[in-house]
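Residues 1 to 302, numbered by this note's numbering, are exactly what the sequence shown covers, in order.
A short write-up of the structure that comes next.
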Amino acid sequence: MSKILDGKKLAKELELRLQKDISCFDSMAGRPPGLAVIRVGNDPASGVYVSNKEKACKRVGIESFVFNLDSKTSNEDILRTIKKLNNDNKVDGILLQLPLPKGLNEKILLREIDPDKDVDGLHALNLGKLIKGEKGPRSCTPAGIIALLHNNQISLEGKRIVVIGRSILVGKPMALMLQAANATVTVAHSKTKNLKELTNQADLLVVAVGKPQIIGIEHVRTNSVVIDVGIHRIHDKSKEKDKPDLKLCGDVKFDEIKSKVKALTPVPGGVGPMTVAMLLVNTVDRWQFHCGLSSTLGDLLP
Ligand code: NAP
Numbered sequence: 001m002s003k004i005l006d007g008k009k010l011a012k013e014l015e016l017r018l019q020k021d022i023s024c025f026d027s028m029a030g031r032p033p034g035l036a037v038i039r040v041g042n043d044p045a046s047g048v049y050v051s052n053k054e055k056a057c058k059r060v061g062i063e064s065f066v067f068n069l070d071s072k073t074s075n076e077d078i079l080r081t082i083k084k085l086n087n088d089n090k091v092d093g094i095l096l097q098l099p100l101p102k103g104l105n106e107k108i109l110l111r112e113i114d115p116d117k118d119v120d121g122l123h124a125l126n127l128g129k130l131i132k133g134e135k136g137p138r139s140c141t142p143a144g145i146i147a148l149l150h151n152n153q154i155s156l157e158g159k160r161i162v163v164i165g166r167s168i169l170v171g172k173p174m175a176l177m178l179q180a181a182n183a184t185v186t187v188a189h190s191k192t193k194n195l196k197e198l199t200n201q202a203d204l205l206v207v208a209v210g211k212p213q214i215i216g217i218e219h220v221r222t223n224s225v226v227i228d229v230g231i232h233r234i235h236d237k238s239k240e241k242d243k244p245d246l247k248l249c250g251d252v253k254f255d256e257i258k259s260k261v262k263a264l265t266p267v268p269g270g271v272g273p274m275t276v277a278m279l280l281v282n283t284v285d286r287w288q289f290h291c292g293l294s295s296t297l298g299d300l301l302p
C-alpha cells in the first residue's frame, strides 16, 4: 500500500502553528502581519487562487490587502502600486499573482518588489540567496514540498532525485533546495532525451511539467516517491451527461502509479495547499523580521 502525502492535513497544522505565533507576538509587534496581493486581469483560475489565499490569511490572523487591477493596467501603474506597497508599514509581503496578461513585463515588475517583502521568493536577490545557501524568503511551492517530505520522514540525503521542469517558479528552486538537502539532483525538461530511462533511476521524482497526466507507470521506479506539482481541470468522462463534468488532476496518472510507488501526492490535496501554507509562513516570517521579533519559522525555510 502506498502512502498518500497529505498536503491538506499538514497545511492545516502549519496554519495552527502560525495562528499561535501571531497571537503570541501580536501585542509586541503592535499590528498583525499584512499581505498584499496584486491581481491583474480576470483570469478565473487566478481569481480562485487569490480568493483561497485571502481566506487562508483570515484563518491565521494575517491582514490581506487585495488589489484587483484591470487587464489594461499599464506596467507603470502596476509599478506605482508596488512602490506604494514597498513603503507601506502595514504590508510585510507583496505577491504579484502570475501569470500576467500579455503585454506586461513580469521581469521588471518582480524586480521592483522590495526583496524583504518578496513572499513568493522570486526576486533575483532572493533566488541568489538560495543559490548561495543564505537565509531569505523561499519560493512557496518547492519550500512546501520540502516541508511535506520532512514531515513524512522522507530523507533526501544521498537520494537520486529527478525534477522534471526547469521553471523559475518551481523546477529550478526545487532542484536547488534538494541539492541543499544533500540529494543528487538531475533536472529534465522538454528537450531531455530518454526521459523514461532517467526517471526510472529516481528514488524521488518531482513532476512540474504542466501537462495533464503525462507521467505514467512506465516512468516510475518501484518503491520510489512521486511528487506531482501539476494542476489541471479536465473533463471527467465518468460523469452523467447532465452533471458538471470537470475534475482536477495533476501531471501524473495517480491511479496507475499508486500501487507501484512507496508514496505520492494527490491532486488536489497535495502540493497545492502546501504552496498556500508556505505563502503564509513567508508572510509571518517577514512580519517577525520587520517588527524586530525573533524568527520562529526557520525550520520551514529551506
Ligand atoms: P512552466 O513554466 O510551463 O514549466 C514547465 C516545465 O516543464 C518546463 O521546464 C518545460 O521544459 C518542461 N516540460 C514541458 N513539456 C515537457 C515534456 N514533455 N517532458 C519534459 N519536460 C517538459 O510550468 P511551471 O510554472 O513550472 O508549472 C508546472 C505545473 O505546476 C503547472 O501545471 C502549474 O499549474 C503547476 N503549479 C502548481 C502549483 C501548486 O501549488 N500546485 C504551483 C505552481 C505551479 P522547457 O524548459 O524546455 O520548456
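All residues carry an ideal CB built from backbone N, CA and C; glycine is no exception.
Check	Outcome
Between the CA atoms of residue 301 and residue 304 - distance to the nearest angstrom	Here the chain covers residues 1 to 302 and nothing more, so residue 304 does not appear.
Residue 275 CB to nearest heavy atom of the ligand NAP below 6 Å	yes
Cross-strand partners of residue 186 (DSSP beta bridge)	162
Candidates 60, 68 and 112, of which the one nearest residue 15 by Cα	60
Beta-carbon proximity list for residue 106, same chain, < 6 Å, skipping 5 on both sides	100
DSSP three-state assignment for residue 83, whether helix, strand or coil	helix
Nonlocal neighbours in the same chain, by C-beta distance under 7 Å from residue 110, ignoring five residues either side	96, 122 and 123
Of the residues 288, 227, 293 and 179, the one placed nearest residue 3, counting alpha carbons only	227
Residue 39 - partner residues in DSSP beta bridges	68
N- and C-terminal bounds of the beta strand (DSSP E) containing residue 233	232 to 235
Among 194, 192 and 31, the one whose alpha carbon lies nearest that of residue 89	31
Rounded straight-line distance, which links the Cα of residue 142 to that of residue 220	20 Å
Proximal residues to residue 156 (C-beta, below 7 Å), its chain only, five neighbours per side dropped	149, 178, 181, 182 and 183
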